[in-house]
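In what follows, a structure is listed as structure tokens, so that the remarks can point back to it.
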Amino acid sequence: MKNFKFLLIFLISYYGYSQTVDLTDYNKFLKEHVSSKGIVNYDKVLKNIDDLKKITSSFAKISPNAGWTPSEKKAYWINFYNANIIRILAENYPIKSINYIKDAFDLKLVDYVGTKISLDTIEHEILRKLGDPRVHFALYSTAVSSPMLKREAYMADTIEKELGMATSDFLNDPAKNKIDPEETRLSKIFDWYKDDFASANDMINFINIHLGGQKISIDKTKISYIDFDWKLFTK
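In structure tokens form, the structure reads like this:
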């Protein structure tokens with residue numbers, strides 16, 4: 069009986085209920101440091117860096133397990149990524165680009181359940197494996213060409229809708245993508261992550277679903293990619 073009880077406790081903790089993620093402080097931080105246009109006030113962030121470190125530390129104590137739904141995992145890891153990239157840049161501010169930090173995405177600069185991981189680990193080894201290309205348009209890279217940073221955290225119960233909106237907002241932003249039925253210039257993000265789509269036609273269908281206006285075609289549209297501008301997004 070004791071062995072059965074121990075096994076039951078283990079199974080519930082590993083496969084069962086999701087851990088609670090309190091986003092109150094993170095939401096407050098975003099509203100106070102991010103504009104309606106997604107611009108982060110890094111001067112202000114630097115003054116309040118201890119508050120941000122407490123937020124990332126709080127995230128780092130939670131470990132998504134097999135009991136979490138895909139939506140819960142996506143919300144947690146996107147929020148965790150975005151909070152930490154703001155922290156990493158702020159700790160090196162003032163700089164004109166995150167690329168001024170050597171190997172900012174590759175180095176293990178993120179605390180997570182007693183160890184260190186990298187931003188690339190979160191994106192490539194965790195989020196991409198969830199099989200939803202829309203996550204790329206929710207991840208903030210601090211750059212001019214980056215998807216916009218929301219002023220509020222992603223929530224598990226609404227993230228599917230939020231990811232659709234983030235993707236549509238990014239695709240329909242003429243500063244990020246130049247859409248035309250004859251000749252279209254897409255963000256470099258689509259070139260980098262083309263393997264996340266089953267085929268080129270699958271990527272075109274994905275784009276058309278999220279476009280608000282003209283559609284493009286695998287046969288009739290000439291497609292090229294816009295160089296990614298890594299300058300810090302400040303205005």
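Heads up: the sequence shown at position 25 corresponds to 93 in the numbering used here, and the numbers run straight through without jumps.
Using N, Cα and C, we set each Cβ at its ideal position, and we do this for glycine too.
Mind checking whether residue i and residue j have CB atoms under 8 angstroms apart?
i: Pro215; j: Ala234; result: yes
i: Gly106; j: Leu217; result: yes
i: Tyr94; j: Ala128; result: no
i: Ile284; j: Ala268; result: no
i: Ser213; j: Asp297; result: yes
i: Phe205; j: Phe173; result: no
Might you give, ordered along the chain, the residues of its own chain that have their beta carbon closer than 8 angstroms to the beta carbon of residue i, omitting 5 neighbours on each side?
i: Leu195; result: Lys142, Trp145, Ile146, Tyr149, Val203 and Leu207
i: Leu120; result: Phe97, Val113, Ala151, Ile154, Arg155 and Ala158
i: Leu91; result: Asn147, Ala221 and Met223
i: Ile163; result: Leu157, Ile169 and Leu300
i: Ser104; result: Arg219
i: His192; result: none
Counting along the chain, where does the beta strand (DSSP E) carrying residue i start and finish?
i: Val113; result: It is not in any beta strand (DSSP E) - Val113 instead sits in the alpha helix (DSSP H) that spans Tyr110 to Lys115.
i: Thr252; result: Glu251 to Ser255
i: Asp179; result: Val178 to Tyr180
i: Ile194; result: Counting along the chain, Ile194 falls outside any beta strand (DSSP E), and DSSP gives it neither H nor E.
i: Thr183; result: Thr183 to Ile185
i: Lys290; result: Lys290 to Ile294
Alpha carbon to alpha carbon, what distance is there between residue j and residue i?
i: Tyr261; j: Ile294; result: 14 angstroms
i: Pro138; j: Asp270; result: 22 angstroms
i: Lys122; j: Asn116; result: 10 angstroms
i: Leu79; j: Ala211; result: Unreliable positioning characterises Leu79 in this predicted model, as indicated by a pLDDT of 40, which lies under 50. The coordinate reading is nonetheless provided below. When rounded, the distance between both Cα atoms is 43 angstroms.
i: Ile130; j: Val89; result: 8 angstroms
i: Asn273; j: Ile190; result: 27 angstroms
i: Gly281; j: Ile166; result: 33 angstroms
i: Lys176; j: Lys184; result: 5 angstroms
i: Tyr161; j: Asp171; result: 16 angstroms
i: Lys197; j: Asp263; result: 12 angstroms
i: Leu254; j: Glu140; result: 30 angstroms
i: Phe265; j: Lys288; result: 20 angstroms
i: Lys99; j: Asp241; result: 22 angstroms
i: Ile277; j: Ser236; result: 9 angstroms
i: Leu187; j: Ser292; result: 27 angstroms
i: Asp118; j: Ser126; result: 12 angstroms
i: Thr226; j: Asn245; result: 26 angstroms
Which two residues bound the contiguous alpha helix (DSSP H) that contains residue i?
i: Asp270; result: Ala268 to His278
i: Ser139; result: Pro138 to Glu159
i: Ser236; result: Ile227 to Leu239
i: Tyr94; result: Thr92 to His101
Our contact map puts residue i next to residue j with C-beta atoms below 8 angstroms; I'd like the distance itself, whole angstroms only.
i: Glu250; j: Lys290; result: 7 angstroms
i: Ile257; j: Leu279; result: The pair is not a contact, with the Cβ atoms about 15 angstroms apart (cut-off 8 angstroms).
Please work out which residues of its chain come closer than 7 angstroms, Cβ to Cβ, to residue i, disregarding the five sequence neighbours upstream and downstream, and give them in chain order.
i: Val108; result: His101, Val102, Ile154 and Leu217
i: Ile275; result: Leu239 and Ile284
i: Lys33; result: No statement about residue 33 is possible, as the shown extent of the chain runs from 69 to 303 and does not include it.
Flag residue i as yes if its beta-carbon sits less than 8 angstroms from any beta-carbon of chain C, otherwise no.
i: Ser103; result: Considering every chain present, this structure includes no chain C. It has just one protein chain.
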